[in-house]
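Undergrad: Under our numbering, the first residue of the sequence shown carries the number 96, and numbering increases by one thereafter.
In this text, a Cβ means the ideal position worked out from N, Cα and C, and glycines have one as well.
Following this message is one structure expressed as structure tokens.
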Amino acid sequence: MVHAHMTTWFLALILFFVALGLHKSGKEKGFKVLKMILRVLYILILATGLGLIFSLTTISFLYIVKVAVGLWVIAMIEMILGRTAKGAPTKGLWIQFIIALLLVLYLGFSLPLGTDLF
Ligand code: HEM
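Put into structure tokens, the structure is as follows:
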């Protein structure tokens, strides 16, 4: 389950940047398709993340924070893409995205399941 979770969020991050690249080069159709694929990936990230949560016998506070920050990253990806499509400013969202991503990677790799880096 940890590997499925890693695969889904990693793929989502790559496709997020590919989508931004497509938008920049004016390929609106590809941009829209990627936004739809990303929405499927959000569900898979959530499902694999919840699968990990349900595999635990006791859920510590840090796990709740991990879930919340994971959802924050997903929300930022979705909002950055939405605002980019409208040509609206995204600077504040980017700052939040970077903070949330660093936090979620730190929490993910420091919590006991799977890879335990920190
Ligand atoms: C884009 C968003 C997300 C990213 C980048 C992310 C990243 C990670 C990383 C790096 C790990 C550690 C994997 C390992 O130890 O090998 C992890 C584990 C985990 N993630 Fe996520 N995650 C995201 C979203 C979510 C969501 C939405 C949930 C909950 C619904 C969730 C729940 C979990 C759980 C429970 C673990 C196991 C923690 C542990 O190692 O003990 N994640 N995630």
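With L110 as the anchor, note down where its alpha helix (DSSP H) starts and where it stops.
TA: Where L110 is concerned, the enclosing alpha helix (DSSP H) stretches over 97 to 119.
Undergrad: In three-state DSSP terms, what is L176?
TA: Looking at L176 - three-state DSSP - the assignment turns out to be helix.
Undergrad: Starting from T152, trace the alpha helix (DSSP H) in both directions and tell me its first and last residue.
TA: Premise fails: T152 is in no alpha helix (DSSP H) and is neither H nor E.
Undergrad: The alpha helix (DSSP H) spanning K122 covers which residue range?
TA: No alpha helix (DSSP H) holds K122; DSSP gives it neither H nor E.
Undergrad: Write down the C-beta distance between M171 and A195 rounded to the nearest angstrom, noting that I regard them as a contact closer than 8 Å.
TA: 6 Å between Cβ atoms; contact.
Undergrad: Measure the beta-carbon distance from L110 to V164 and round it to whole angstroms, keeping in mind my assumption that it falls under 8 Å.
TA: With a Cβ gap of about 20 Å, L110 and V164 do not count as contacting.
Undergrad: Take V160 as the anchor and find which of M96, L206, A107, A99 has the nearest alpha-carbon.
TA: Ranking the options by Cα distance to V160, first place goes to L206.
Undergrad: Distance, Cα to Cα, T185 vs T152?
TA: Rounded to whole angstroms, T185 to T152 spans 40 Å at the Cα level.
Undergrad: Hey, could you find the ends of the alpha helix (DSSP H) A195 is sitting in?
TA: Here the alpha helix (DSSP H) through A195 covers 186 to 205.
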